[in-house]
Ligand code: NI
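Numbering (our numbering), first residue to last: 1 to 229.
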């Protein structure tokens, strides 16, 4: 399941993030790649020591925290601190790879987050670069994603995916891994579909008795499937 969230960042947040990023130094993207992904990865990334990284991370995490759509799509339990990357010039692509299931929490020695859900927040205007399409494969084929600046795509970490070469301009983005309260992608999808349909039903008909009962069924499924630790 691929969910896109338009304008996750407000215009002033996007401008602020871009300003901080323009004043940051980019390093090789290999720091967070496992050995197999490293063979495919050719981009740049903000180092852990980058001065503005804490402010950038806060900005993105605050935006995620107020998005009801992100919550229902990802059902987040833990979110790894987001990373920022750039594709441009000779470092312009990330071939097909899968994200490692278990990600070390750099700030807490010995702690891991299981990557169930991946998310990419686009920070460059799509008109400003060619290529740079996030291509995600699922059982229905390959989907190309290139969103407006400030918009987010959420997809299962279990998918095979790539970023096609950027042949003009630069593509700056933020990516993150989320451990979901519901580890199974099929169960997450069912809950998401049900919650979105309930939202529509509520708008169309108000809190009718069947809507209340279906909402109960949604929460009972969540109770059955969700883990909080
Ligand atoms: Ni990836």
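For glycine and all other residues, C-beta sits at the position ideal for the given N, C-alpha and C.
Let me check one thing: in DSSP terms, what residues is residue i bridge-paired to?
| i | result |
| --- | --- |
| residue 156 | 117 |
| residue 45 | 27, 85 |
| residue 141 | 138 |
| residue 102 | 114 |
Could you check the C-alpha separation between residue i and residue j for me, to the nearest Å?
| i | j | result |
| --- | --- | --- |
| residue 46 | residue 24 | 7 Å |
| residue 122 | residue 228 | 29 Å |
| residue 86 | residue 49 | 17 Å |
| residue 173 | residue 17 | 10 Å |
| residue 234 | residue 126 | It is not possible to answer for residue 234, since the shown part of the chain is limited to 1 through 229. |
| residue 83 | residue 20 | 14 Å |
| residue 182 | residue 193 | 14 Å |
| residue 156 | residue 187 | 12 Å |
| residue 141 | residue 40 | 21 Å |
Between the Cα of residue i and those of the options, spot the shortest distance and give me the residue it belongs to.
| i | options | result |
| --- | --- | --- |
| residue 115 | 138, 75, 44, 121 | 75 |
| residue 64 | 52, 53, 81 | 81 |
| residue 151 | 9, 2, 51 | 9 |
| residue 26 | 102, 91, 33 | 91 |
| residue 158 | 171, 217, 97, 53 | 97 |
So is residue i buried or exposed if we call it buried at 16+ other beta carbons inside 10 Å?
| i | result |
| --- | --- |
| residue 99 | buried |
| residue 43 | buried |
| residue 160 | exposed |
| residue 61 | exposed |
| residue 177 | buried |
Original post:
Quick one: complete beta strand (DSSP E) runs, 3+ long, within the stretch 57-81?
Top reply: 76-79
Original post:
Which whole runs of the beta strand (DSSP E) in the stretch 147-194 are 3 residues long or more, in chain order?
Top reply: 152-156, 160-163, 166-168, 171-180
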